[in-house]
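Residues in the sequence shown are numbered consecutively from 27, following the numbering used here. Even for Gly, the Cβ is constructed at its ideal location relative to N, Cα and C. Please read all numbers here as calculations on a predicted model, not as lab measurements. What follows is a set of notes on a single structure, which appears directly below.
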Amino acid sequence: MKCGGEKKDRIIPPEDGALGRKAREGESVVLFFFFFNNTDFLLNNPGSFLKRELTLTEAEWQKKLTPEQFCVTREKGTEPPFSGVYLDHKEPGMYHCVCCDSPLFSSEKKFCSGTGWPSFSEAHGTSGSDESRAGILRRLDTSSGSARTEVVCKQCEAHLGHVFPDGPEPSGQRFCINSVALKFKPSKQ
Numbered sequence: 027m028k029c030g031g032e033k034k035d036r037i038i039p040p041e042d043g044a045l046g047r048k049a050r051e052g053e054s055v056v057l058f059f060f061f062f063n064n065t066d067f068l069l070n071n072p073g074s075f076l077k078r079e080l081t082l083t084e085a086e087w088q089k090k091l092t093p094e095q096f097c098v099t100r101e102k103g104t105e106p107p108f109s110g111v112y113l114d115h116k117e118p119g120m121y122h123c124v125c126c127d128s129p130l131f132s133s134e135k136k137f138c139s140g141t142g143w144p145s146f147s148e149a150h151g152t153s154g155s156d157e158s159r160a161g162i163l164r165r166l167d168t169s170s171g172s173a174r175t176e177v178v179c180k181q182c183e184a185h186l187g188h189v190f191p192d193g194p195e196p197s198g199q200r201f202c203i204n205s206v207a208l209k210f211k212p213s214k215q
């Protein structure tokens, strides 16, 4: 069964211009609402905003990654909906960061959200609502003119996608992740 939709073939670069400037101007107000609305998460996950950084220069990242991978992971681009190689992927295994190979999402937590991107109900290493051992970090993203939560790799800060509060129970979360930011490793049978 396909997750559905028309396949597109162009990576969408991050927004800039007037909308980006407007978003930055209102960032302090948005920051207040982000932290106010996420107080429980922040108190229960103090390590979720910490990082263990793997740093390469921009030139080194460009050499290591394809142009599409670089645009999404290093420049916060978005692959077109219904275009990713892992959208309808069902094989058991683990999805790793394409940049640093950190394990990020288990196939056991993957589901079809109908949005056009691979979706997961929780990050690998999550225990209940505790993401301190997960390979991801959450970041405030105001680039679209409204507040949303960006998901980045904890190890190398690669942009992976976004998380929304409309996923399946028990987590209620939908991690909407770009396929081009992932590398799949099948389970050993």
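With the cut-off set at 7 Å, would you say residue i and residue j are in Cβ contact?
i      : j      : result
Cys179 : Ser147 : no
Cys125 : Thr99  : yes
Ser142 : Phe96  : For the record, residue 142 in the displayed sequence is Gly; it is not Ser. Against a cut-off of 7 Å, the Cβ pair of Phe96 and Gly142 comes out as no contact.
Arg174 : His188 : yes
Val206 : Glu105 : yes
Enumerate in chain order the residues of its own chain whose CB-to-CB distance from residue i is below 8 Å, with the five nearest sequence positions on each side excluded.
i      : result
His122 : Ser128, Pro129, Leu130, Leu208, Lys209, Phe210 and Lys211
Gly161 : Cys123, Ser128, Pro129, Leu130, Ala149, His150, Gly151, Cys179, Lys180 and Gln181
Glu134 : Pro118
Using the beta-carbon count (16 or more within 10 Å), is residue i buried or exposed?
i      : result
Val111 : exposed
Asp192 : exposed
Lys89  : exposed
Asn204 : buried
Asp167 : buried
Ser132 : buried
Spatial neighbours of residue i within its chain, please: CB distance less than 6 Å, with the 5 preceding and 5 following residues excluded, ordered by chain position.
i      : result
Ser213 : Pro118 and Gly119
Arg200 : Ser139, Ser145, Phe190, Asp192 and Gly193
Lys136 : Phe146
Ser197 : Ser147 and Glu148
Ser172 : none
Quick one: measure Cβ to Cβ for residue i and residue j, integer angstroms, because I've assumed they're closer than 8 Å.
i      : j      : result
Ser139 : Ser145 : 4 Å
Gly151 : Arg164 : Not a contact, Cβ separation roughly 14 Å.
Who are the Cβ neighbours of residue i in its own chain at under 7 Å, not counting the five residues just before and after it?
i     : result
Trp87 : Phe96 and Arg100
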